[in-house]
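Below is one structure, written out as structure tokens; comments come after it.
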Amino acid sequence: MADLSIKLAGHELRTPVLVASGTFGAGREGSLFVPLNQLGGIIVKSTTLTPWKGKPTPRMCETPSGMLNAIGIQNKGIDHFISTDLPWLLKKDAAVFASIAGNTVDEYVKIADKLRTGGRGITGVEINISCPNLEDRNNMFSHSTESTAAVVAAVRKALPKATLFPKLSPNVTSITEIAGAAIEAGADGLSLINTLFGMAIDVEHRRPKLAGVTGGLSGPAIRPVAVRAVWEIHNEWPHIPIIGQGGISNAEDALEFILAGASAIAVGTANFVNPRASLDVTKGISEYMDSNHVASVTELVGAVKTEG
Amino acid sequence: MLLARGEVLGHKKYGEHYHSLTIVAPEIGEKIEPGQFVHVRCGEGSAHILRRPFSVYRVHKRGGWASTIEIVFDIRGAGTEYLSRLRPHMIVDLVGPLGRGFALPKGRAHCLLVGGGIGAAPLFFLADDLRNEGHRVDVILGARSNRMLLNPIEVRRLASVARVVTEDGSTGEQGRVTDVLEETIDRCDTEIIYTCGPHPMLEAVTKIGVDHKLPVQVAVEELMACGYGVCMTCVIPLKVKKPSKDRGRRRRAGGNANAPKEDESDEEVTYARSCTEGPVFNGASVVWNGTAEPVAPDQAELSPGGLAVAHGSLEDSADEHPPPGN
Chain A
1 MADLSIKLAG
11 HELRTPVLVA
21 SGTFGAGREG
31 SLFVPLNQLG
41 GIIVKSTTLT
51 PWKGKPTPRM
61 CETPSGMLNA
71 IGIQNKGIDH
81 FISTDLPWLL
91 KKDAAVFASI
101 AGNTVDEYVK
111 IADKLRTGGR
121 GITGVEINIS
131 CPNLEDRNNM
141 FSHSTESTAA
151 VVAAVRKALP
161 KATLFPKLSP
171 NVTSITEIAG
181 AAIEAGADGL
191 SLINTLFGMA
201 IDVEHRRPKL
211 AGVTGGLSGP
221 AIRPVAVRAV
231 WEIHNEWPHI
241 PIIGQGGISN
251 AEDALEFILA
261 GASAIAVGTA
271 NFVNPRASLD
281 VTKGISEYMD
291 SNHVASVTEL
301 VGAVKTEG
Chain B
1 MLLARGEVLG
11 HKKYGEHYHS
21 LTIVAPEIGE
31 KIEPGQFVHV
41 RCGEGSAHIL
51 RRPFSVYRVH
61 KRGGWASTIE
71 IVFDIRGAGT
81 EYLSRLRPHM
91 IVDLVGPLGR
101 GFALPKGRAH
111 CLLVGGGIGA
121 APLFFLADDL
131 RNEGHRVDVI
141 LGARSNRMLL
151 NPIEVRRLAS
161 VARVVTEDGS
171 TGEQGRVTDV
181 LEETIDRCDT
191 EIIYTCGPHP
201 MLEAVTKIGV
211 DHKLPVQVAV
221 EELMACGYGV
231 CMTCVIPLKV
241 KKPSKDRGRR
251 RRAGGNANAP
261 KEDESDEEVT
271 YARSCTEGPV
281 FNGASVVWNG
291 TAEPVAPDQA
301 ELSPGGLAVA
311 HGSLEDSADE
321 HPPPGN
């Protein structure tokens with residue numbers, strides 16, 4: 001059988017298949033379907049400095065080949081993650097990627113401080129910068145090179161030894177520029193991509209379908225956008241490890257990302273549809289490798305032929 | 001809960017409006033309780049990716065087939081349109097049982113079941129279980145009109161007292177379920193109320209129940225994506241007791257000007273997931289006016305309890321708002 005293990009920014013992972021933040025909680029519910037130690041890792045739902053209640057409903061609507069959501073990062077806060085979720089996940093032998101979010105650079109730093117002392121056993125930290133920056137007219141951190149760099153540099157300073165994966169937004173003119181800013185500020189790798197900004201309107205009631213008015217589009221609809229982002233950034237920085245995500249539902253989808261340059265991939269919205277999607281993807285990658293005589297998944301990273 | 005592939009045993013209709021699918025799903029049928037739901041894949045490909053949730057209308061544990069579950073629905077969108085085309089021996093992809101169902105009374109009790117439209121679906125399964133345990137079952141079944149009533153003949157068969165109401169008076173008494181609720185409570189010496197239907201109805205039933213000092217269990221219908229507790233979309237605002245250690249800590253930090261006002265009470269409002277913490281809640285704990293947002297007609301089939309018009313009134317019925325694209 002093919003060797004599915006990979007090295008991601010210095011960490012040995014069992015497989016290249018992770019579950020994406022916000023689509024598998026902190027593992028408890030998903031573990032009823034998926035033994036967490038069969039995953040490459042779990043990127044936990046974003047945690048914030050204090051508990052966030054989230055937005056009113058409706059928080060979700062189905063769209064062609066995808067869904068739109070505006071949850072508002074409902075979570076119990078970083079203290080709960082450290083005291084309750086993390087020990088449980090480590091006991092289940094999961095490779096844990098924390099995900100942190102905030103509304104000011106200072107909030108990210110305070111969360112990072114807490115992880116420095118309480119986050120032993122964590123494999124990596126995904127930095128969710130698709131949050132409004134209260135100090136910059138509520139613009140998302142991920143939408144400017146300055147804010148992206150400010151958050152990443154501050155978290156880098158607070159967590160000098162952690163492996164950091166800022167999660168970039170596709171809603172920018174040049175994601176490559178933002179990636180450059182994140183790398184320069186100290187990112188070890190990149191998580192690509194977060195949801196696409198969208199809106200849907202209920203014409204019957206003449207209201208937005210989401211209480212939050214706009215929301216994040218996910219699912220198969222966004223996959224080509226995500227694959228392109230991975231490919232662009234891998235071309236520019238071939239040595240920066242990428243966790244590719246955006247509409248992955250099966251092994252073929254996952255292989256697209258790997259061939260485009262992702263070292264690992266994360267299954268997101270597909271977890272809602274098929275709670276075992278991550279394991280199905282893993283199995284499919286293994287079968288592809290066997291039938292194509294690929295010994296290590298690393299051989300496939302960035303192996304798309306764009307010339308000749 | 002588990003992933004299962006069920007085989008369609010039968011497809012029939014209740015009246016001209018409602019479809020019924022009976023599915024052979026032994027593992028789910030053995031375990032599922034009234035008020036719990038199954039999450040059903042409605043089509044292949046990736047055009048409509050999300051599963052649709054259905055509370056179970058009835059479970060048949062005996063007979064030639066190991067165990068079957070029956071779901072009922074009306075055609076609301078692409079998902080239910082797909083299901084309406086399923087025929088015997090076709091395969092359905094299911095996740096279930098999901099959620100927390102109705103809690104049955106401990107001692108013998110007089111139970112009043114109040115259902116609106118397709119929201120009445122889980123109450124049939126509940127009535128079967130209550131009767132099997134020796135409880136008295138009374139039912140108020142309501143809908144906008146005759147064709148939206150779910151199986152009134154069966155209701156008359158299984159209830160000690162059956163009240164059937166339609167808003168247009170086309171069958172039974174004219175009015176809404178709440179118009180006959182107090183009178184029925186008095187007449188039947190009701191001790192507990194179970195209800196499922198549109199949110200305004202649940203709110204009104206809860207209010208009357210609470211006024212009569214009766215426990216009211218409501219099965220809510222919220223749009224959901226995952227159905228097993230990870231996506232956080234199907235939340236409902238719920239009054240909960242603060243954990244005691246939290247209360248102590250806040251009391252000590254009493255001088256903190258930043259502490260939100262609500263911290264002064266022992267209750268707080270949180271968004272509870274209706275898929276895992278519900279869909280059955282104590283009606284008195286729900287913050288009702290926080291849930292009155294209208295839902296787009298084409299999204300309504302993403303809520304369980306049947307596919308009642310989530311949040312809408314009974315006037316917002318399917319025949320006035322045909323789902324687009326069908």
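Chains as they are written, first to last, in this note's numbering: chain A, 1 to 308; chain B, 1 to 326.
Ideal Cβ positions, reconstructed from N, Cα and C, are used throughout, including at glycine.
Residue j beta carbon less than 8 Å from that of residue i
i          : j          : result
Phe-97(A)  : Gly-124(A) : yes
Lys-92(A)  : Asn-171(A) : no
Thr-178(B) : Ala-143(B) : no
Thr-233(B) : Ile-71(A)  : yes
Arg-187(B) : Val-161(B) : yes
Thr-148(A) : Pro-166(A) : yes
Val-56(B)  : Ser-67(B)  : no
Ile-118(B) : Ile-69(B)  : no
Leu-168(A) : Ala-182(A) : yes
Leu-94(B)  : Ala-4(B)   : yes
Gly-227(B) : Arg-100(B) : no
Residue burial classification, residue i (beta-carbon count within 10 angstroms, cutoff 16)
i          : result
Thr-173(A) : exposed
Gly-10(B)  : exposed
Asp-253(A) : buried
Ile-153(B) : exposed
Val-235(B) : buried
Ala-257(B) : Confidence is the limiting factor: at Ala-257(B) the pLDDT is only 42, short of 50, which leaves the residue's position unreliable and the question unanswerable from this model.
Asn-75(A)  : buried
Arg-223(A) : buried
Gly-198(A) : buried
Asp-188(A) : buried
Pro-238(A) : exposed
Lys-213(B) : exposed
Gln-217(B) : buried
Arg-249(B) : Per-residue confidence for Arg-249(B) stands at a pLDDT of 48, beneath the threshold of 50, marking its modelled position as unreliable; the derived number appears in the next sentence. Burial call: exposed.
Glu-62(A)  : buried
Glu-262(B) : Bear in mind that a pLDDT of 47 at Glu-262(B), under 50, signals an unreliable position, so the number given afterwards is only what the model happens to contain. It counts as exposed.
Ala-303(A) : exposed
His-89(B)  : exposed
Ile-91(B)  : exposed
Thr-15(A)  : buried
Ser-296(A) : exposed
Chain B within 8 Å of residue i, Cβ atoms only
i          : result
Lys-209(A) : yes
Glu-309(A) : Nothing can be reported for residue 309(A): it is not among the residues displayed for chain A, which extend from 1 to 308.
Ser-249(A) : yes
Lys-92(A)  : no
Pro-87(A)  : no
Ser-46(A)  : no
Ile-42(A)  : no
Val-273(A) : yes
Thr-57(A)  : yes
Thr-23(A)  : yes
Ala-2(A)   : no
Residues bridged to residue i [DSSP beta-bridge criterion]
i          : result
Asn-128(A) : Lys-167(A)
Thr-173(B) : Reading off the sequence shown, one finds Glu at residue 173(B), where the question assumed Thr. The partner list for Glu-173(B) (beta bridge, DSSP) reads Val-165(B).
Phe-281(B) : Val-218(B)
Lys-239(B) : Val-269(B)
His-11(B)  : Leu-21(B)
Ser-218(A) : Met-67(A)
Ile-242(A) : Leu-190(A)
Asp-138(B) : Leu-112(B)
Thr-47(A)  : Ile-100(A)
Interface flag, residue i vs chain A, CB-CB below 8 Å
i          : result
Val-220(B) : no
Pro-323(B) : With a pLDDT of only 31 at Pro-323(B), under 50, the local geometry of the prediction cannot be trusted, and no value is derived from it.
Thr-190(B) : no
Cys-196(B) : no
Arg-342(B) : Absent from the structure is residue 342(B), since the part of chain B shown begins at 1 and ends at 326.
Ile-229(B) : Here residue 229(B) is Gly; the residue named in the question, Ile, does not match the sequence. Output row for Gly-229(B): interface = yes.
Tyr-18(B)  : no
Tyr-14(B)  : no
Ser-265(B) : no
Threshold first: 4 residues or longer. Then list the alpha helix (DSSP H) segments lying entirely within the segment 137–213 of chain A, N to C. 145–158 and 175–184
Inside the segment 34–68 of chain B only - beta strand (DSSP E) runs reaching at least 3 residues: 37–40, 52–55 and 58–60
Taking only runs that begin and end inside the segment 67–116 of chain B, name each unbroken beta strand (DSSP E) of 3 or more residues, in chain order. 68–73, 91–98 and 110–116
Continuous beta strand (DSSP E) assignments of at least 3 residues falling wholly in the segment 88–117 of chain A: 96–100
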